[in-house]
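Everything in the sequence shown is counted per our numbering, starting at 76 for the first residue and increasing by one.
Contents: one structure, followed by commentary.
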Amino acid sequence: MTDPTSDLARPATVEDLKLLLRALDDHGVDYVLIGGYALYALGYQRGTVDIDLVLRPTREQGEKTKRALSVLPDGIANELDPDWFIEGETIRVADAFVVDLMFNACGETYESLRPHAITIDFDGVPVRTLDIEGLLKTKQTLRVKDKLDRDILERALEELKGRT
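Right under this line is the structure:
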């Protein structure tokens, strides 16, 4: 089932991503970027329309995230309840563009992914994302796009191992 509010949002741009990441950093949000934009930040090209984040499921992080998302143009974040973060269900923020706030990606949580977390510079913006092995853990679904991503990530991992 698709989310009808997502139809009103436009695809997220690189500038949207940088705006959001700066705000998350400024507000001290514990997150890792996953999905298509994580691949993009690591130098792998794949089309994507939304921004996917894995977050720590606490009320405190909900409050910080809500404040960070206040930079989004349509103000949808004002409707977020920080208590929703404790429930651990994915929250789709369909503002001018879509941000998926996830607490579980293929059974992986913020805590289980932390050993794979890396911070990279993305056009002058610090980005907390995952190394290739970590991203692979978040791509263990039957969706076609995840299979394609797995293929890219597995080849990249083989290349890295071949260099060492």
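Here a beta-carbon is modelled for each residue, glycine too, at the ideal position from N, C-alpha and C.
Beta-carbon proximity of residue i to residue j, cut-off 8 Å
i, j, result
"residue 204", "residue 193", "yes"
"residue 129", "residue 188", "yes"
"residue 109", "residue 132", "no"
"residue 202", "residue 87", "no"
"residue 159", "residue 182", "no"
7 Å Cβ shell around residue i - same chain, five flanking residues per side excluded
i, result
"residue 141", "152, 155 and 157"
"residue 200", "93, 96 and 97"
"residue 180", "109, 129 and 213"
"residue 198", "93"
"residue 90", "none"
Residues bridged to residue i (per DSSP)
i, result
"residue 166", "176"
"residue 201", "196"
"residue 154", "The partner list for residue 154 (beta bridge, DSSP) is empty, contrary to what the question assumes."
"residue 107", "129"
"residue 183", "180"
Start-to-end residues for the beta strand (DSSP E) that takes in residue i
i, result
"residue 128", "125-130"
Where the alpha helix (DSSP H) through residue i begins and ends
i, result
"residue 89", "89-101"
"residue 211", "207-212"
"residue 120", "Where residue 120 is concerned, there is no enclosing alpha helix (DSSP H), given that its DSSP letter is neither H nor E."
"residue 216", "Segment: none, residue 216 is in no alpha helix (DSSP H) and carries neither H nor E."
"residue 142", "134-143"
Contacts around residue i, its chain only, beta-carbon distance under 8 Å, and the 5 residues preceding and following it disregarded
i, result
"residue 229", "211"
"residue 149", "170 and 171"
Close beta carbons around residue i, own chain, < 6 Å, minus the five adjacent residues each side
i, result
"residue 143", "98, 99, 102 and 104"
"residue 207", "228, 231 and 232"
Contact between the stretch 117-131 and the stretch 163-173 is defined here as three or more beta-carbon pairs at a separation below 8 Å; is this criterion met? Between the stretch 117-131 and the stretch 163-173, the count of C-beta pairs closer than 8 Å reaches three or more; the two stretches touch.
Between the stretch 163-170 and the stretch 204-224, are three or more C-beta pairs nearer than 8 Å? No, they do not touch.
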